[in-house]
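Numbering-wise, the UniProt record's numbering puts 108 at position 108 of the sequence shown, and it's gapless, one number per residue.
For every residue, glycine included, the Cβ atom is placed at its ideal position computed from N, Cα and C.
Notes to accompany the following structure.
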Amino acid sequence: MTWEDVVALGRRLPEVEVATSYGTPALKVRRKLLTRLRREDDSLVLPGVGADERDMLIEADPRVFHTTPHYEGYSSVLARLGPLAPAQLSPFLLRRWRAIAPRRYVAGFDAAGSREGG
């Protein structure tokens, strides 16, 4: 994947905007971080991932998922863009978006999905 692919996936969700975080490209919802690019190792910071889940992801696919000593104290995991597949990233973006988006946007998104699916 590329950063442009990440942006395209993120923009499928309401109110996602391209911004910056710590001087790097980021996606945000109402100024809250959805994900950001780590240029140091061409990885994404995926917030909202607890330590147990992070450890499981790293063990299951260390080619994609990793961490650094800096991030070990945070609820997040890092994902290398090169081997990361859209199908791997989408659930993280959706889960994080649901956690940080205003409830009315989540409700509207869910209602639109229900109409499309039924």
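Should residue i be labelled buried (16 or more other beta-carbon atoms within 10 Å of its own) or exposed?
{"i": "Pro47", "result": "buried"}
{"i": "Arg96", "result": "buried"}
{"i": "Glu116", "result": "With a pLDDT of only 48 at Glu116, under 50, the local geometry of the prediction cannot be trusted, and the value read off the model is given with reservation. Counting Cβ neighbours within 10 Å, Glu116 comes out exposed, since fewer than 16 surround it."}
{"i": "Ala79", "result": "buried"}
Tell me which same chain residues have a C-beta within less than 6 Å of the C-beta of residue i, skipping the five on either side of it?
{"i": "Leu13", "result": "Trp97"}
Who are the near neighbours of residue i in its chain, counting only those whose CB is closer than 8 Å to its CB and skipping five residues on each side?
{"i": "Ile58", "result": "Phe65, His66, Thr67 and Val77"}
Since residue i and residue j are thought to touch, with beta carbons under 8 Å apart, how far apart are those beta carbons, to the nearest angstrom?
{"i": "Ser75", "j": "Gly113", "result": "So it is not a contact: roughly 27 Å between Cβ atoms."}
{"i": "Met1", "j": "Leu84", "result": "5 Å"}
{"i": "Ala101", "j": "Val29", "result": "5 Å"}
{"i": "residue 120", "j": "Val45", "result": "The displayed coordinates of the chain run from 1 to 118. Any statement about residue 120 would go beyond what the structure contains."}
{"i": "Ala19", "j": "Ala26", "result": "5 Å"}
Quick one: residues in its chain with C-beta nearer than 7 Å to the C-beta of residue i, no 5 flanking neighbours on either side, listed in chain order?
{"i": "Ser21", "result": "Leu33 and Arg36"}
Could you check whether residue j and residue i sit closer than 8 Å to each other, using their CB atoms as the reference points?
{"i": "residue 121", "j": "Val16", "result": "With the chain represented from 1 up to 118, any question about residue 121 goes unanswered, as that position is not in the structure."}
{"i": "Leu81", "j": "Asp42", "result": "yes"}
{"i": "Pro86", "j": "Asp5", "result": "yes"}
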